[in-house]
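Report on the following structure.
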Ligand SMILES: *Cc1c(COP(=O)(O)O)cnc(C)c1O
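Numbering (my numbering), first residue to last: 297 to 523.
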């Protein structure tokens with residue numbers, strides 16, 4: 297996609313955020329899987345708040361080649377424990393933590409590096425068996441366990457909502473996520489704060505913002521269809 301189209305898309309989505317968010321801050325993350333360094337730079341120049349990658353290997357290569365310059369880059373895909381080294385310490389936020397095994401692997405690596413890694417707990421709000429994420433009924437226990445890892449800080453929740461043909465089809469799921477976010481924000485746990493609610497993609501970000509998202513992840517809506 298041409299750089300002027302990317303810029304137009306960023307500006308359009310930012311004005312929709314203004315219109316829908318009732319003055320709350322909603323961050324715009326560009327989902328940059330398969331996109332080139334040039335496209336990523338254009339999105340940053342147009343004002344996106346962060347880039348988010350999905351695959352550890354792809355992230356590591358682009359990172360090495362300076363694709364994100366000094367901009368904020370995050371990890372939004374499923375992370376396998378054997379790929380943790382490629383990501384921990386290089387991204388400001390890992391959106392997709394959904395097991396104690398992964399928490400432990402991130403904690404160990406972060407301790408080796410002498411840092412604290414910020415992450416989100418991924419929730420499988422649609423209860424889809426093929427998808428990643430902690431089931432809502434297990435979230436309390438998961439966050440209780442997460443409190444024990446001092447080199448990992450949980451900074452909020454993330455979800456990938458079910459595929460929906462309707463722009464409003466996921467509203468009920470977003471509302472459920474917001475309730476989990478608010479309920480857990482009231483709980484006091486070590487190493488856990490509820491600051492980010494990462495939900496909403498190209499097909500459903502408007503509904504997500506209306507239901508309380510403060511971090512949307514947009515790929516095709518910024519860059520066009522993926523090959
Ligand atoms: C690809 C991806 C997105 C963006 O998807 P689009 O539908 O292209 O906007 C958001 N979140 C995650 C986790 C993704 O993998």
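Each residue gets a CB set at the ideal place from its N, CA and C atoms; glycine is no exception.
Exercise. With a threshold of 7 Å, establish whether the CB of residue 495 neighbours any heavy atom of ligand 1.
Key: Distances taken from the Cβ of residue 495 to the heavy atoms of ligand 1 include none shorter than 7 Å.
Exercise. Measure the C-alpha to C-alpha separation of residue 315 and residue 429 and round it to an integer number of angstroms.
Key: The straight-line gap from Cα to Cα measures roughly 30 Å.
Quiz item: For residue 361, is the classification buried or exposed, using 16 other Cβ atoms within 10 angstroms of its Cβ as the cut-off for buried?
Solution: Counting other Cβ atoms within 10 Å of its Cβ, residue 361 stays below 16 and is therefore classed as exposed.
Self-check item: residue 499: CB within 7 Å of a non-hydrogen atom of ligand 1
Solution: Under cutoff, so the answer is yes.
Quiz item: Comparing the CB of residue 466 with every heavy atom of ligand 1, is any distance shorter than 7 Å?
Solution: No.
Practice problem: Give a single yes or no on whether residue 350 has its beta carbon closer than 7 Å to a heavy atom of ligand 1. | Solution: Under cutoff, so the answer is yes.
Quiz item: With respect to 7 Å, is the separation between the Cβ of residue 514 and the closest non-hydrogen atom of ligand 1 below this value?
Solution: Yes, the beta carbon of residue 514 sits closer than 7 Å to at least one heavy atom of ligand 1.
Self-check item: Neighbourhood of residue 389 by C-beta distance below 6 Å, restricted to the same chain and skipping five residues each side
Solution: Excluding sequence neighbours, residue 389 sits near 370 and 414.
Quiz prompt | Of the residues 312, 313 and 343, the one placed nearest residue 299, counting alpha carbons only | solution = The residue with the shortest Cα to Cα distance from residue 299 is 343.
Quiz item: Hey, which unbroken runs of the beta strand (DSSP E) at 3 residues or more fall wholly within the segment 308–367?
Solution: If only complete runs of 3 or more residues are kept, the segment 308–367 shows the beta strand (DSSP E) at 323–327 and 346–349, in order along the chain.
Quiz item: So, using beta-carbon positions, are residue 513 and residue 325 closer together than 8 Å?
Solution: Contact check for residue 513 against residue 325 passes: the beta carbons are separated by less than 8 Å.
Exercise. Give a single yes or no on whether residue 401 has its beta carbon closer than 7 Å to a heavy atom of ligand 1.
Key: Residue 401 Cβ: outside cutoff for every heavy atom of ligand 1.
Quiz item: Does ligand 1 have even one heavy atom less than 7 Å from the beta-carbon of residue 265?
Solution: This structure does not reach residue 265, given that the chain is present from 297 up to 523, and the question cannot be answered.
Practice problem: With DSSP as the reference, label residue 495 as helix, strand or coil. | Solution: If DSSP states are grouped into helix, strand and coil, residue 495 belongs with coil.
Quiz item: In terms of residue numbering, what span does the alpha helix (DSSP H) encompassing residue 517 cover?
Solution: Residue 517: member of the alpha helix (DSSP H) spanning 516–519, first to last residue.
Self-check item: Proximity below 8 Å, CB of residue 476 to CB of residue 419
Solution: Cβ distance < 8 Å, so residue 476 and residue 419 count as in contact.
Quiz item: Bridge partners of residue 450, per DSSP?
Solution: DSSP, once it has assigned bridges, lists 415 and 488 as partnering residue 450.
Quiz item: Three-state secondary structure (DSSP) at residue 445?
Solution: In the structure shown, residue 445 adopts coil according to DSSP, grouped into three states.
Quiz item: Can you give the Cα-Cα distance for residue 307 and residue 334, rounded to whole angstroms?
Solution: Cα-Cα distance, rounded: 18 Å.
Quiz item: Comparing alpha-carbon positions, which option in 519, 304, 515 and 402 lies nearest residue 446?
Solution: Closest by alpha carbon: 402.
Practice problem: Given a cut-off of 8 Å, decide if residue 372 and residue 348 are closer than it, judged by their beta-carbon atoms. | Solution: Contact flag set, yes.
Quiz prompt | Within 8 Å, strictly: CB atoms of residue 519 and residue 331 | solution = In this structure, residue 519 places its C-beta atom within 8 Å of the C-beta atom of residue 331.
Quiz item: Tell me, which residues are paired with residue 481 by DSSP?
Solution: Per DSSP, none; premise fails for residue 481.
Quiz item: When DSSP builds the beta bridges, which residues end up paired with residue 390?
Solution: Beta-bridge pairing links residue 390 to 371 and 415.
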